[in-house]
Amino acid sequence: MSVEIKDMTFDKVATGPVSVRVYQGAEFAKGAPILLYFHGGAFLETGLSPCPLAEALAATGAIVAVPDYNAPGGGVFPKPLEVGFSIFSYLAKKRAGLGDRKSPLLIGGEEAGGNIAAGVALKARDHFANELDGQVLISPLLDPFMGTASFRNAETIGMRERWAEGWSHYLSGGVCHPYAAPSLCSRLSGLAPALVLSAADDPLLDEAQGYADRLKAAGVKVQQHVLPAGTGWSSIYSGKSDVTGSWKQSLSSQFSDFIQDISIH
C-alpha cells in the first residue's frame with residue numbers, strides 16, 4: 056500500500072502547538088488504527104526527519120502521527136513526556152480528526168521514542184487507562200544505568216557514547232521518575248496491551264525483553280518478537296549496520312497481528 060505523508064500542526068494541545076508529520080496508508084479503511092509514534096534520537100533530536108518505521112507501519116493501513124515532541128522543552132524530562140501525554144489526551148478526544156470514532160488509539164516509538172511511549176502508557180494508566188488501546192515499543196531505551204549484558208554491544212554499532220549523552224541530557228533536570236525510566240517502575244499492572252520488538256543483535260534487547268517479561272508478570276497482555284541477527288535492525292536508531300534493512304516486512308507483520316488481536320479483544 057502506498058503511503059501519503061503530510062505535515063500539520065496540532066494547535067490545541069494543552070502544552071502548546073506541536074508540529075506533526077502524518078503517515079497515512081493511501082487506502083486506509085474505516086476504523087483504521089491511529090498510532091501516535093515518537094521518533095528516536097537519544098532524547099537529543101528535534102525536527103521532523105523522515106521516519107522509515109512510521110512509513111512501514113502506515114503501509115499496513117494505519118494512520119501514524121509523528122510529533123516533534125522534543126522541540127517545546129529541549130528534550131529534558133519531564134517536558135517531552137508532558138508534551139507526549141498532552142498530544143495523546145488531545146487525540147483521545149479528537150481522534151475523528153485523523154481517523155474516525157471507531158479507530159483504536161495506540162502509542163509507540165523506537166529507542167528514546169519507545170521510552171516516551173512507555174512513559175505515556177504509564178501516565179495514561181494513572182489518569183484514564185480506557186482511552187489507550189495499545190502500546191508499541193520498538194527497542195525502547197528504558198534503563199539509564201545502561202547495565203544489561205546486551206548493552207555491551209552498543210560500542211560496536213557506535214551508540215554507547217550517544218546513549219550515555221542522551222540519558223545525561225534527558226535526566227539533567229535532576230529527576231528520575233518511573234515515567235522517565237520505565238524499567239525502574241515497580242507498578243506495571245493495568246497497562247494497555249503491548250507489542251515489544253527487538254532483534255537478536257540489538258544492544259537494547261535485554262531492556263526490551265526484561266520490560267516485556269515484567270509486563271507479563273504484572274498481568275499485562277504482551278506480544279513480543281525478536282528478529283534474527285543480520286536484519287540491519289540497528290539502523291532504525293542510526294546505529295552502524297552493514298546490512299540494508301530487511302526488518303520492514305517483519306515489523307509490518309507483527310504490527311498487523313497485534314492490531315488484529317487487540318481488535319478481537
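Here the sequence shown is numbered in our numbering, starting from 56 and rising by one per residue.
C-beta: ideal position from N, C-alpha, C; glycine also.
- If one requires a minimum length of 4 residues, the alpha helix (DSSP H) runs lying completely within the segment 126–152 are 134–149, in chain order.
- Using a Cβ-Cβ distance cut-off of 8 Å, the segment 155–165 and the segment 174–189 are in contact, since at least three pairs of beta carbons, one from each stretch, lie closer than that value.
- Using a 10 angstroms sphere on the CB of Val230, the tally of other CB atoms stays under 16, which defines it as exposed.
- Beyond the five residues adjoining it in sequence on each side, Glu110 comes within less than 7 Å, by CB distance, of Val58 and Tyr78 in the same chain, given in chain order.
- The segment 91–111 makes contact with the segment 219–235: 3 or more CB pairs, one atom from each, lie closer than 8 Å.
- Closest by C-alpha distance to Ser296, out of Phe93, Ala219 and Asp256, is Asp256.
- Taking a contact as a CB-CB distance under 8 Å, the pair Ala172 and Gln190 counts as one, their CB atoms being some 6 Å apart.
- One alpha carbon belongs to Met63, the other to Arg76, and they sit about 6 Å apart.
- The C-beta of Thr299 has fewer than 16 other C-beta atoms within 10 Å across all chains shown, which makes the residue exposed.
- Residues of the same chain with a CB within less than 7 Å of the CB of Ala209, apart from the 5 flanking positions on each side, are Arg215, Trp218 and Pro258 in chain order.
- Contact between Ala263 and Leu282 is ruled out by a C-beta separation of about 11 Å, above the 8 Å threshold.
- Between the alpha carbons of Ala249 and Asp66 lies a gap of roughly 29 Å.
- Judged by DSSP in its simplified three-state form, Arg242 adopts coil rather than helix or strand.
- Rounded to whole angstroms, the separation of the alpha carbons of Gln304 and Lys157 is 26 Å.
- Beta-bridge annotation (DSSP): His280 is paired with Leu252.
- Counting the other CB atoms within 10 Å of its CB gives Asp155 a total below 16, which places it among the exposed residues.
- When the beta-carbon positions are compared, Gly139 and Phe93 come within less than 8 Å of each other.
- Proximity to Gly169 across Tyr234, Thr286, Pro88 and Lys149 peaks at Tyr234, based on C-alpha coordinates.
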